[in-house]
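A short write-up of the structure that comes next.
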Amino acid sequence: MNQYRVPDSLGKGVNVRKLCQEGRLKEALHMVELMVQQNVQAPIKAYACLLKDCARRRALVEGKRLHSFIVQQGLHSNIFLKNTLVNMYAKCGSVLDARQVFDSMPEHNVFSWTTIISAYANHGQGEEAINLFKQMQQTGIQPNKVTFIVVLKACARIPALEEGKKFHLDIVKSGFESDVIIGSTLVDMYAKCGCVEDARQVFNNMHERDVVSWTALIAGYAQQGLGKDALDLYEQMKQDGLQPNIVTYVVLLKACASIVALEQGKHLHLDIIKSCLESDVIVGSTLVDMYAKCGRIEDAREVFNNMHERNVVSWNAMIAGYAQQGLGKEALTLLEQMQREGTKPDEVTYLSVLSACSHSGLVDKGQHLFDCMCKEDDVIPTIDHYACMVDLLGRAGYLADAEDFISKMPIQPNALVWMTLLGAARNHGHLEIGRRAFDSVVKLQPEDAAPYVLLSNIYAAAGWSDEVAKITKEMNDAGVKKMPGCTWFEAGRQVHDFVVGDASHPQS
2 MNQYRVPDSL GKGVNVRKLC QEGRLKEALH MVELMVQQNV QAPIKAYACL
52 LKDCARRRAL VEGKRLHSFI VQQGLHSNIF LKNTLVNMYA KCGSVLDARQ
102 VFDSMPEHNV FSWTTIISAY ANHGQGEEAI NLFKQMQQTG IQPNKVTFIV
152 VLKACARIPA LEEGKKFHLD IVKSGFESDV IIGSTLVDMY AKCGCVEDAR
202 QVFNNMHERD VVSWTALIAG YAQQGLGKDA LDLYEQMKQD GLQPNIVTYV
252 VLLKACASIV ALEQGKHLHL DIIKSCLESD VIVGSTLVDM YAKCGRIEDA
302 REVFNNMHER NVVSWNAMIA GYAQQGLGKE ALTLLEQMQR EGTKPDEVTY
352 LSVLSACSHS GLVDKGQHLF DCMCKEDDVI PTIDHYACMV DLLGRAGYLA
402 DAEDFISKMP IQPNALVWMT LLGAARNHGH LEIGRRAFDS VVKLQPEDAA
452 PYVLLSNIYA AAGWSDEVAK ITKEMNDAGV KKMPGCTWFE AGRQVHDFVV
502 GDASHPQS
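Each number in my numbering comes from the position in the sequence shown (counting from 1) with 1 added on.
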């Protein structure tokens with residue numbers, strides 16, 4: 002303990018580590034600064050303790066001060082402190098500083114490599130994380146379990162399936178495949194890379210499964226639009242005696258919303274109440290979203306009203322629910338309540354209220370909100386907001402204004418913007434604007450069948466059968482194929498899916 006004490010001249014009985022443990026970081030830093038000024042060397046473990054506290058608090062400014070003290074005291078070549086510095090900068094979000102310290106080290110170990118790889122992976126630079134992992138392997142340093150977990154998560158975020166498969170082989174060679182955390186991370190990586198079959202194979206081969214591995218696989222099916230399979234897995238999970246966590250329930254509720262499985266959603270709600278998780282703000286927000294997307298706006302509002310805590314996600318879910326039901330006035334009233342209660346609208350909020358205005362024909366109000374979004378709440382419009390404005394004008398029949406709005410957009414319109422205009426042209430039978438919108442969509446998405454179908458509908462409604470035939474020929478010549486429609490039907494707690502032309506279901 003004595004090595005953590007400052008000299009008596011600096012304050013009798015003062016202990017740097019104790020100050021750090023008590024959360025008195027500034028006082029501890031002041032003590033170290035006094036030691037540096039009096040040429041008294043602070044212990045390496047004291048510096049490490051303080052750097053870890055900076056990492057925990059995300060206190061970058063204080064961490065940089067400590068770094069300067071370390072340099073002044075000639076301790077900057079210490080490998081232990083350098084590893085701790087890399088970790089501190091990484092946790093504080095300063096990847097550049099972390100990399101500079103890492104590059105200045107004459108030698109690296111598995112901890113320093115894992116820390117810098119994690120820094121890049123956690124800050125959206127997955128490709129660099131993967132490249133660093135490969136460099137580590139080339140130096141002959143063997144990855145540990147944590148290193149593999151970090152790089153697999155990087156592969157999942159990009160996604161980088163082929164790299165992930167190579168690392169899977171390395172994991173098998175290293176003998177880590179039987180580890181439940183590694184197995185769960187592999188399931189997650191394959192699922193997020195769109196390979197649900199591979200994720201299922203890894204899952205089936207796991208000797209031990211926990212709630213994380215089950216949730217990873219359930220999420221994989223849900224993210225691929227296989228909500229029915231996700232719900233079936235949930236039933237199997239319960240049969241195995243595992244208790245779902247908050248993430249599991251959120252994933253399952255989203256799966257119910259995606260296939261409009263109301264009865265399944267209700268049963269999940271009961272399970273959530275039994276698990277005493279209903280008060281969680283994330284679960285509550287997802288319940289609001291599920292009920293709204295299943296068409297039960299009253300149930301959604303009841304859950305919303307009963308929430309003890311609401312965040313911007315909760316408000317957005319309820320406002321979006323009103324928007325989806327075409328209840329524009331209710332959505333706008335809720336927006337005003339949200340602002341009164343001190344929650345600032347974000348880009349998602351405005352996307353929902355603009356959509357609500359569009360579906361309710363509130364053109365003037367929508368235009369006013371678009372201006373407020375930019376001027377009052379400092380929300381920068383995205384391409385989706387511009388598409389909403391095109392929809393607002395187009396639905397109301399102001400097609401020329403919508404086309405003019407597109408021409409004046411400060412960002413390049415994408416296929417969604419042009420498809421929105423094309424849909425409005427179809428609804429209002431405007432041939433010229435419809436054709437121009439069609440040409441723009443096809444340039445951006447030549448393999449999409451939707452614009453051909455919409456333009457064909459415009460010509461068919463106008464009685465131009467020759468033009469309909471020409472569009473069909475254009476579509477065939479371009480090799481574009483229309484995907485068959487798919488729907489779900491819920492009977493009791495059983496969800497059935499049907500695809501057009503597929504008679505394999507016994508009750509098709």
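For glycine and all other residues, C-beta sits at the position ideal for the given N, C-alpha and C.
Residue j beta carbon less than 8 Å from that of residue i
{"i": "residue 278", "j": "residue 250", "result": "yes"}
{"i": "residue 352", "j": "residue 386", "result": "yes"}
{"i": "residue 354", "j": "residue 319", "result": "no"}
{"i": "residue 442", "j": "residue 465", "result": "no"}
{"i": "residue 35", "j": "residue 85", "result": "no"}
{"i": "residue 48", "j": "residue 30", "result": "no"}
{"i": "residue 64", "j": "residue 93", "result": "yes"}
{"i": "residue 412", "j": "residue 384", "result": "yes"}
{"i": "residue 426", "j": "residue 400", "result": "yes"}
{"i": "residue 287", "j": "residue 313", "result": "no"}
{"i": "residue 334", "j": "residue 316", "result": "no"}
{"i": "residue 304", "j": "residue 285", "result": "yes"}
{"i": "residue 99", "j": "residue 87", "result": "yes"}
{"i": "residue 155", "j": "residue 130", "result": "yes"}
{"i": "residue 263", "j": "residue 297", "result": "yes"}
{"i": "residue 172", "j": "residue 128", "result": "no"}
{"i": "residue 436", "j": "residue 456", "result": "yes"}
Whole-angstrom distance between residue j and residue i, CA atom to CA atom
{"i": "residue 475", "j": "residue 308", "result": "54 Å"}
{"i": "residue 378", "j": "residue 370", "result": "10 Å"}
{"i": "residue 236", "j": "residue 342", "result": "40 Å"}
{"i": "residue 227", "j": "residue 186", "result": "20 Å"}
{"i": "residue 397", "j": "residue 97", "result": "50 Å"}
{"i": "residue 381", "j": "residue 175", "result": "48 Å"}
{"i": "residue 17", "j": "residue 37", "result": "13 Å"}
{"i": "residue 11", "j": "residue 70", "result": "Interpretation of residue 11 is limited by its pLDDT of 43, a score under 50 that renders its predicted location unreliable; the figure taken from the coordinates is listed afterwards. Cα to Cα, residue 11 sits roughly 17 Å from residue 70."}
{"i": "residue 439", "j": "residue 234", "result": "42 Å"}
{"i": "residue 432", "j": "residue 468", "result": "11 Å"}
{"i": "residue 271", "j": "residue 259", "result": "19 Å"}
{"i": "residue 106", "j": "residue 300", "result": "59 Å"}
{"i": "residue 434", "j": "residue 479", "result": "22 Å"}
{"i": "residue 451", "j": "residue 417", "result": "11 Å"}
{"i": "residue 19", "j": "residue 222", "result": "49 Å"}
{"i": "residue 374", "j": "residue 241", "result": "49 Å"}
{"i": "residue 193", "j": "residue 257", "result": "19 Å"}
{"i": "residue 275", "j": "residue 311", "result": "21 Å"}
{"i": "residue 459", "j": "residue 430", "result": "6 Å"}
{"i": "residue 178", "j": "residue 68", "result": "39 Å"}
{"i": "residue 7", "j": "residue 73", "result": "Model confidence at residue 7 stands at a pLDDT of 44, short of 50, so the residue's coordinates are unreliable and nothing is read from them."}
{"i": "residue 195", "j": "residue 40", "result": "59 Å"}
{"i": "residue 58", "j": "residue 101", "result": "21 Å"}
{"i": "residue 25", "j": "residue 54", "result": "10 Å"}
{"i": "residue 347", "j": "residue 376", "result": "13 Å"}
{"i": "residue 165", "j": "residue 116", "result": "19 Å"}
{"i": "residue 292", "j": "residue 137", "result": "49 Å"}
{"i": "residue 204", "j": "residue 184", "result": "7 Å"}
{"i": "residue 168", "j": "residue 78", "result": "33 Å"}
{"i": "residue 126", "j": "residue 140", "result": "22 Å"}
{"i": "residue 170", "j": "residue 231", "result": "27 Å"}
Rounded Cβ spacing between residue i and residue j (contact assumed at less than 8 Å)
{"i": "residue 294", "j": "residue 261", "result": "7 Å"}
{"i": "residue 108", "j": "residue 142", "result": "So it is not a contact: roughly 10 Å between Cβ atoms."}
{"i": "residue 197", "j": "residue 245", "result": "With 8 Å as the limit, residue 197 and residue 245 do not qualify as a contact, their Cβ atoms being about 19 Å apart."}
{"i": "residue 120", "j": "residue 89", "result": "Their Cβ separation, rounded to whole angstroms, is 10 Å, which puts residue 120 and residue 89 out of contact at 8 Å."}
{"i": "residue 150", "j": "residue 133", "result": "15 Å between Cβ atoms; not a contact."}
{"i": "residue 135", "j": "residue 180", "result": "Not a contact, Cβ separation roughly 22 Å."}
{"i": "residue 95", "j": "residue 61", "result": "6 Å"}
Contact test: residue i Cβ vs the ligand GDP heavy atom, cutoff 7 Å
{"i": "residue 133", "result": "You won't find the ligand GDP in this model; it holds no ligand whatsoever."}
Three or more C-beta pairs below 8 Å linking the region 216-225 and the region 176-194: With contact defined as three or more Cβ pairs closer than 8 Å, the region 216-225 and the region 176-194 are in contact.
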